[in-house]
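The structure appears right after this line, and notes come after that.
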Amino acid sequence: MNGGSLLAQGLKYGLVALLDAVVVWAAMALLLRGDYLMVALLGVAALLLNFLVLSRRAYPLRFLLPGLVFLVAMVVYPIGYTISVSLTNLQTGNLLTKAQVIAQLEGRYYLPPAPETFTFWAFRNAQGDLRVILTARDGRTFISRGNELVPVDLSGPRYVRGAGGTVTGFDGYTRLTLPEIYQSLRALEGLDLVLGDEHVRLTSVREFGTYLRKYSYVPDQDAVVDLETNVTYYAREGSFTSPDGMRIEPGFQIYVGFRNYLDVLTHPGIRSDFARVFGWTVVWSFLTVFFSFWVGLGLAYLLNDPYVRGRFAYRSLLIVPYAMPAFISALVWAGLFNADLGVINRILGELFGTKVRWLQDPMWARAALIFINVWLTYPYMMIVSLGALQSVSREMYEAARVDGATGWQRFWTITMPLLWVSVAPLLIGSFAFTFNNFTIIWLVTAGRPAVLGAATPAGATDILISWTYRLAFEGDRGNQLGLASAVSILIFIIIAAISGVNFRFTRALEDVSRGV
Amino acid sequence: MRKLLWVAVAMVGLAAFAQAPKLVIWADDTRAPVLRDLAVTFKAQTGVAIEVMEIAFDQLRGQFITAAPTGQGPDILVGAHDWVGELAANGLLEPVNFGPKLAEFSAVAVQAFSYGGKNYGVPQGTENIAIIYNKKLVPQPPRTWDELLVLARQITDPTKPMYALVFQNGPDPYHWFPMLSACGGYVFGTNRDGSLNPCDVGLASAGAIHGAKLFADMIAEGLLPAGVGWDTMRALFFGGNAAMVISGPWLVADTKAAGIDYGIAPIPAITCPNGALGTPRPFIGVQGFMVNSFSKNKVLAFDFLLNYIATTDTMLALYNRNPRPPAHLPTFALVASDPDIAAFGTQGAFGIPMPNIPEMASVWGAWADAQSLIANGQATPEEALKEAVAKIKAALKCK
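Each protein sequence line maps, in turn, to chains A and B. When you read off a place in the first sequence, starting at 1, and then add 876, the result is the number in the working numbering. When you read off a place in the second sequence, starting at 1, and then add 291, the result is the number in the working numbering.
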């Protein structure tokens, strides 16, 4: 262990030191922004990293940690985040936090009955303080003093006049040129001046104008008062709502507990469509995996036979569907299956004088989808099976042949049990993936053809995940992310249960093979 | 060590509090180059830098919704008017005060960007669909739907294939709407104050059903191919297999490139149940500039929009990159002689701004389902549209 050269040691500590320096710098930047949570996370991460590198006891962890980090970042965190969103009302109109909404409402203004506008000169002194002189339409002039606007007589000797007779400075303040005004717009925009009971704000690069504040937040009532109409809006279910039900937009995010889950489980339409969609989802996943596995295995078996000529060329050609981006293949197939113009129907028409209403008839649309997905997945199964087949030792086959086993017997009693052990977990993975294969469904049929009389937008080829999408993003006012997250969690539970059962099943298989 | 720490704090502090304003604009590839050129002028005149970020058009809205509340969004977003409802309902947009500049903009375009009685965008270009026809196949496009049917019966031949009319319908309510609106179909009714009433859905009104029947009959008779998407429509039109398509200005550049001798004409008028001719009314889409409510440079942003964007120079440059009828009237006057712009404008004069209220999200799916049920002959137009309206109202919790 201590055989490491001086150079390696130096490099190691140098890198750690550099990293720590960056962390300190980043932490200070975050502190200034008031992002304390990130500072804490960063601190913990940095300490952990130092411990890993500097402590001998932590040596094995160095190799495990990257994997753990990715596990947390890619799996644990998204699941946690989805769960937390599923407990909120996050949706169109309820995106911002309550504090953001209050800040926005308190920044809203309305025009007084007799609004006034002012042209202005802005001035700055050596300390960088900004002051403005405003001129009303009728010639009255005001100067800012702190937050207040006070009438001012500009004829006094304090006010230095430049060419054209305009005021160019006073008391150490000098007037800003137009580019300087542009440079100072943020500060000017931040000015909230008071003139009597009205507010005066910058309204454009050349003007100030009078305004009245529209809303005021009353913390002890948890309500917003509309100062124009004197109506009080109380915080109710994620928006400020008046006693007669008027809501102020935007609303804000709140935790709603398990309401999204209850909405899903008690929605009358969802309950009636669920069984049909779930049934098709299982059929779709099962048939896709079933057919693609047997097609893939069959081809692999053929290509594994040393007597087949040109195996390399066949293998390369058969992998083509896998090499093409799936979404392009899906769109191409959707075009080929077009009932009026697609090539498939034209061939059928030439040969049999008939047309199949692919993608329009529920059964044919399902058949077409499974066909397309088998086309897209069999190369994967073929590659996996090829690998597995090549790991089966030749001696077993020779021994079987000596014992007089037929080819059929050799396949079922030697190849399959040995293949099954390594391929079965992949089939489960493939099943779970197909279960949630939104892309293919969406690109080929988008869940259609529609089902007449369905209570929710659930088409004949919608699988759970595409149905979820339509429920969450084609309902109400668009993005119902809280609801969508709740359904995702429910689907996650369903898949976890199915996978759990499947893994049980394969563990039993493994035991069998160990016995063999 | 302590000294070093202070130096570091001071440096970070300086970076954080440096207040030189900078405008950040998110725009797609058709507008970003023009804005970058304009940024040079703006910097020279005001000393303020503009950073233009080019983002794909269909990514803009989603990324804006994610970024804006965290303060990472742009000051100005260039997008479509039908985003306004969702963005404004989420509290992400700042209302525009046009001042005297208002008179320079098409009233319909300004209205398209308004939500809840406030204007949320400076409109730039408008777009709507019309008939684009192949002059070789149909020298004089039909003016009424009855004439169209006569033509279709003459030249339709599915074996070649050859069709008189093709449009995206697989399903695609946007391109279907002119047929439904000709005799009075509509999506949302209007309240007395001009705002849209999401509980008044007019997709199963008598006029809409009349248009849908026409659609169903044409498919049943084999005169209109069903299940057509964007690629199929293009392939048929560019291959000379379709005499006419219903599409928008976005098809024109490729039509020229495909060497088609094309013309643009209004969508044929439909004879309504009462015997009158109804003009199809397509949706109008408007694109324009919106200001982020979380921007710290709002005055600057509006100054830029009203004094630098809303000029004939800029509007003309934007038009030249992507020819759509400009919403800025002085610029429109300059390009109105272009025959394509004039022809799309003739149709657009009857257009209806696509509803921008977020409730529209509930409409598209159910409406498209109805169209596919009708096209497949699984339901009569009346059944399908009535069910769609019931679904939309249920999704919107209307009584």
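Beta carbons are placed, not taken as given, at the ideal position from N, Cα and C, and that holds for glycine. Bear in mind that the values here come from a model prediction, so they are computed numbers and not experimental data.
Chain-ordered neighbours of B:F593 on chain A, where CB pairs are closer than 8 Å
The count along the second sequence starts at 1 and reaches residue 593 of chain B at position 302. Here the neighbours are S1080.
Run of the beta strand (DSSP E) containing A:Y1110, from where it starts to where it stops
Within the first sequence, the letter at position 234 stands for residue 1110 of chain A. From DSSP, the beta strand (DSSP E) with A:Y1110 extends over 1107-1112.
Between B:V399, B:N482, B:D373, which lies nearest to B:L620 when the distance is taken from Cα to Cα?
As a first step, residue 620 of chain B is located in the second sequence; it is residue number 329 there, counting from the start. Minimum Cα distance to B:L620 is reached at B:V399.
Would you decide whether A:V1008 is buried or exposed? Buried here means 16 or more other CB atoms lie within 10 Å of its CB.
On the first sequence, residue 1008 of chain A is found 132 positions in, with the first residue counted as 1. The residue in question, A:V1008, is buried, as its Cβ has 16 or more Cβ neighbours within 10 Å.
Given this structure, state the Cα-to-Cα distance separating B:N588 from A:V900, to the nearest angstrom.
Working through the second sequence from its first residue, we reach residue 588 of chain B at position 297. Working through the first sequence from its first residue, we reach residue 900 of chain A at position 24. Cα-Cα distance, rounded: 31 Å.
N- and C-terminal bounds of the alpha helix (DSSP H) containing B:D545:
On the second sequence, position 254 is the one that residue 545 of chain B refers to. B:D545 -> alpha helix (DSSP H) spans 543-548.
With 9 Å as the threshold, decide whether the Cβ of A:R1233 is near any Cβ in chain B.
As a position in the first sequence, residue 1233 of chain A is number 357, starting the count at 1. Yes, contact with chain B.
Quick check on B:G304 - is its C-beta less than 9 Å from some C-beta in chain A?
For the purposes of this step, residue 304 of chain B is identified with residue 13 of the second sequence, where counting begins at 1. Its pLDDT being 46, under 50, B:G304 is placed unreliably by the model, and the measurement read from it follows with that caveat. Chain A, which has a Cβ nearer than 9 Å to the Cβ of B:G304, makes this yes.
Please compile the residues from chain B whose C-beta is within a distance smaller than 7 Å of the C-beta of A:A1326.
Within the first sequence, residue 1326 of chain A is the residue found at index 450, counting from 1. Here the neighbours are D660, S663, L664.
Flag A:A1012 as yes if its beta-carbon sits less than 9 Å from any beta-carbon of chain B, otherwise no.
Taking the first residue of the first sequence as 1, we reach residue 1012 of chain A at position 136. With 9 Å as the cut-off, A:A1012 does not count as an interface residue toward chain B.
Do B:P360 and A:L1405 come within 9 Å of each other at the CB atom, strictly closer than that value?
An answer regarding residue 1405 of chain A cannot be provided, because it is not within the stretch 877 to 1392 covered by chain A.
I need the straight-line Cα distance from B:S584 to A:R1082, nearest angstrom please.
Working through the second sequence from its first residue, we reach residue 584 of chain B at position 293. Working through the first sequence from its first residue, we reach residue 1082 of chain A at position 206. Each residue's alpha carbon lies about 21 Å from the other.
Would DSSP call A:V1081 helix, strand or coil?
Along the first sequence, one-based indexing puts residue 1081 of chain A at 205. In this structure, A:V1081 counts as coil in the three-state DSSP scheme.
Along the segment 1209-1220 of chain A, where does the CB come closer than 8 Å to a CB of chain B? Name the residues.
A1210, G1211, N1214, A1215, D1216, L1217
Would you decide whether B:E385 is buried or exposed? Buried here means 16 or more other CB atoms lie within 10 Å of its CB.
Working through the second sequence from its first residue, we reach residue 385 of chain B at position 94. Flag for B:E385 reads buried.
Report yes if the C-beta of B:A503 is less than 8 Å from at least one heavy atom of the ligand FAD; otherwise report no.
Because no ligand of any kind appears in the structure shown, any question about the ligand FAD cannot be addressed here.
Taking C-beta to C-beta, are A:N1023 and A:L1061 nearer than 9 Å?
Indexing the first sequence from 1 puts residue 1023 of chain A at position 147. Indexing the first sequence from 1 puts residue 1061 of chain A at position 185. No. Outside cutoff.
Cutoff 9 Å: B:A556 Cβ touching any chain A Cβ:
On the second sequence, position 265 is the one that residue 556 of chain B refers to. B:A556 does not count as touching chain A.
Return the chain-ordered ranges of every alpha helix (DSSP H) run that is complete within the segment 1092-1170 of chain A and spans a minimum of 4 residues.
1135-1142
Mind listing the chain B neighbours of A:L1141? Cutoff is C-beta to C-beta under 9 Å, in chain order.
Locating residue 1141 of chain A in the first sequence gives position 265, counting from the first residue. Within chain B, no residue comes near A:L1141; the closest Cβ sits about 18 Å away, beyond 9 Å.
Quick one: which chain B residues come within Cβ less than 7 Å of A:V977?
On the first sequence, position 101 is the one that residue 977 of chain A refers to. By Cβ distance, chain B contributes G382.
For A:K1231, which of helix, strand or coil comes out of DSSP?
For the purposes of this step, residue 1231 of chain A is taken as the residue at position 355 of the first sequence. A:K1231 falls in the coil class under three-state DSSP.
For B:K334 and B:I341, I'd like the C-alpha separation in whole angstroms.
Sequence index remark: in the second sequence, residue 334 of chain B carries index 43 (1-based). Sequence index remark: in the second sequence, residue 341 of chain B carries index 50 (1-based). Going by the C-alpha atoms only, they are around 7 Å apart.
Cβ-based neighbour list, B:F404, same chain, cut-off 7 Å, excluding 5 preceding and 5 following
Counted from its first residue, the second sequence places residue 404 of chain B at position 113. The answer, listed in chain order, is H372, V375, N410, Y411, G412, P414, V577, G579.
Determine, using beta-carbon pairs with one atom in the segment 529-539 of chain B and one in the segment 1235-1242 of chain A, whether at least three such pairs fall under 8 Å.
no
So the candidates are A:R1034, A:T1017, A:L887, A:V1028; which of them puts its Cα closest to the Cα of A:F1084?
Position 208 of the first sequence, counting from 1, holds the residue named residue 1084 of chain A. Among A:R1034, A:T1017, A:L887, A:V1028, the Cα nearest to that of A:F1084 is on A:T1017.
Three or more C-beta pairs under 8 Å: does that hold for the segment 1308-1326 of chain A against the segment 1338-1358 of chain A?
yes
Do the segment 321-328 of chain B and the segment 336-352 of chain B make contact, defined as three or more Cβ pairs closer than 8 Å?
yes
Thinking C-alpha only, which one of B:C474, B:G476, B:Q638, B:V519 is nearest B:N460?
Locating residue 460 of chain B in the second sequence gives position 169, where the first residue counts as 1. For B:N460, the nearest C-alpha among the options comes from B:V519.
Given a limit of 9 Å on CB to CB distance, which residues of the segment 595-609 of chain B reach chain D?
Reference to chain D is not applicable here, since the protein chains of this structure are A and B.
So what's A:I1220 in DSSP terms, helix, strand or just coil?
Taking the first sequence and counting its residues from 1, one reaches residue 1220 of chain A at position 344. DSSP places A:I1220 in helix when its eight states are reduced to three.
Flag this pair as yes or no: are the beta carbons of A:F1169 and A:S1298 separated by less than 9 Å?
Looking up residue 1169 of chain A in the first sequence gives position 293. Looking up residue 1298 of chain A in the first sequence gives position 422. Taking 9 Å as the Cβ cut-off, A:F1169 and A:S1298 do not qualify as a contacting pair.
For the beta strand (DSSP E) holding B:T417, just list the boundary residues, first then last.
By one-based count along the second sequence, residue 417 of chain B stands at place 126. That run of the beta strand (DSSP E) goes 413-418.
What three-state label does DSSP hand B:N598 in the structure shown?
Here the question's residue 598 of chain B lines up with position 307 in the second sequence. Helix.
Quick one, which of A:L947, A:E1226, A:R1135, A:I978 has its alpha-carbon nearest A:Y1110's?
Here the question's residue 1110 of chain A lines up with position 234 in the first sequence. Measuring from the Cα of A:Y1110, the nearest candidate turns out to be A:I978.
Between which two residues does the beta strand (DSSP E) harbouring A:V952 extend?
In the first sequence, counting from the first residue as 1, residue 952 of chain A sits at position 76. From DSSP, A:V952 is part of no beta strand (DSSP E); its letter is neither H nor E.
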